[in-house]
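Numbering (the numbering used here), first residue to last: 8 to 267. Cβ coordinates follow ideal geometry from the N, Cα and C atoms, glycine included. Predicted, not measured: the structure shown is a model, and the values here were computed from it.
Right, here's the structure in full:
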């Protein structure tokens with residue numbers, strides 16, 4: 008990697024755990040890491056800002072990699088910071104390469120040439136999304152059922168808005184087969200405040216991963232948001248991974264998706 012954006016020593020534009028798994032559970036994280044290509048320096052950000060929620064989904068890799076290990080499920084994740092390019096935004100979206108994120112100015116994203124934006128799309132966004140598509144194609148060819156779990160984490164406070172009460176958000180557009188069962192189990196077995204399409208909704212007009220891969224293929228799916236103050240440390244990551252590793256399979260069984 009000597010030409011273009013990525014260079015020798017930069018990490019690959021996607022990572023995968025448990026390739027070739029036959030588990031029906033398939034996991035993704037669009038914002039798992041906070042790496043920045045060497046060519047872009049620090050994007051003009053302080054070390055403090057590079058550790059904030061604007062840079063990545065704090066704690067979600069620690070949770071999801073443990074779920075993948077426990078369930079022997081394939082997990083594809085993005086190691087680069089969402090401030091380099093947001094891998095859950097369609098190309099051309101205003102937040103794809105954001106000059107400002109939750110009040111944090113990103114100098115390295117200001118007044119970019121189109122060629123610079125396209126380099127990030129071609130070398131980071133598309134290899135990641137293509138890896139998801141290719142793996143799903145392989146699973147379909149092998150007649151493996153696939154249940155798509157898009158894993159995210161969210162900040163407890165966004166801008167000047169009131170603090171978010173939800174411990175976990177469960178999101179879908181019109182296929183709630185998994186989501187309804189997850190919510191039912193979480194309500195029955197925990198004291199969590201659970202958001203249905205809170206704190207976010209999936210937007211097929213701007214979002215990438217779930218609309219393009221799960222909805223378009225008519226795969227059963229759910230998108231998860233875990234509040235970052237609950238998983239910012241390893242103990243919280245272990246607790247949530249243990250909980251979800253138990254509840255995900257039971258929600259699937261209750262939905263009877265695999266029985267059809």
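Supposed contact pair residue 81 and residue 26 - C-beta distance, whole angstroms, cut 8 Å: Contact check for residue 26 and residue 81: beta-carbon distance about 6 Å, within the 8 Å limit, so the pair qualifies.
Own chain residues within Cβ distance below 7 Å of residue 241, not counting five before or after: Short of 7 Å from the beta carbon of residue 241, and not among the five residues preceding or following it, lie these beta carbons of its own chain, in chain order: 69.
Element boundaries [alpha helix (DSSP H), containing residue 77]: Counting along the chain, the alpha helix (DSSP H) containing residue 77 begins and ends at 67 to 78.
First and last residue of the uninterrupted alpha helix (DSSP H) at residue 139: Segment 133 to 148, the alpha helix (DSSP H) holding residue 139.
Extent of the continuous beta strand (DSSP E) run through residue 156: Residues 154 to 161.
Residue nearest to residue 124 in terms of C-alpha spacing, selected from 107, 98, 109, 143: Closest option to residue 124, Cα to Cα, is 98.
Residue(s) in a DSSP beta bridge with residue 230: Beta-bridge pairing links residue 230 to 157, 178.
C-alpha gap between residue 259 and residue 75, whole angstroms: Going by the C-alpha atoms only, they are around 16 Å apart.
Cα-Cα separation, residue 142 to residue 151: Residue 151 has its alpha-carbon roughly 11 Å from the corresponding atom of residue 142.
As assigned by DSSP and simplified to three states, the class of residue 240: In this structure, residue 240 counts as coil in the three-state DSSP scheme.
Anticipated Cβ contact below 8 Å, residue 89 with residue 62, distance rounded: Contact between residue 89 and residue 62 holds, since their C-beta atoms are separated by about 7 Å, short of 8 Å.
Neighbourhood of residue 9 by C-beta distance below 7 Å, restricted to the same chain and skipping five residues each side: In this prediction, residue 9 has a pLDDT of 47, which is less than 50 and means its spatial position is unreliable; what the coordinates show is noted afterwards. If we look at residue 9 and ignore the five residues flanking it on each side, its Cβ neighbours are 15.
Closest Cα partner of residue 149 within the set 30, 185, 12: Among 30, 185, 12, the Cα nearest to that of residue 149 is on 30.
Same chain, Cβ closer than 8 Å to residue 49, five either side skipped, listed in chain order: Setting aside the 5 residues that flank it on each side, residue 49 is surrounded in the same chain by 43, 57, 115, each with a C-beta closer than 8 Å to its C-beta; the list follows chain order.
Proximity to residue 172 [Cα-Cα], best of 161, 12, 181: Comparing Cα-Cα distances from residue 172 to each of 161, 12, 181, the minimum goes to 161.
Rounded separation between residue 86 and residue 38 - CA only: Taking the straight line joining both Cα atoms gives about 7 Å.
Cα-Cα separation, residue 256 to residue 192: Those two C-alpha atoms are separated by around 11 Å.
Inter-residue Cα distance where the pair is residue 12 and residue 128: If you draw a straight line from the Cα of residue 12 to the Cα of residue 128, it comes to about 10 Å.
Beta carbon of residue 158 nearer than 8 Å to that of residue 71: Yes, the pair counts as a contact, with Cβ atoms nearer than the cut-off.
Pairwise C-alpha distance: residue 174 and residue 202: If you draw a straight line from the Cα of residue 202 to the Cα of residue 174, it comes to about 8 Å.
Candidates 217, 35, 118, of which the one nearest residue 181 by Cα: For residue 181, the closest of 217, 35, 118 by C-alpha to C-alpha distance is 217.
Nearest residue (CA-CA) to residue 64, options 78, 254, 41: When each option's Cα is compared against that of residue 64, the closest is 41.
DSSP three-state assignment for residue 99, whether helix, strand or coil: Here residue 99 carries a coil assignment [DSSP, helix/strand/coil].
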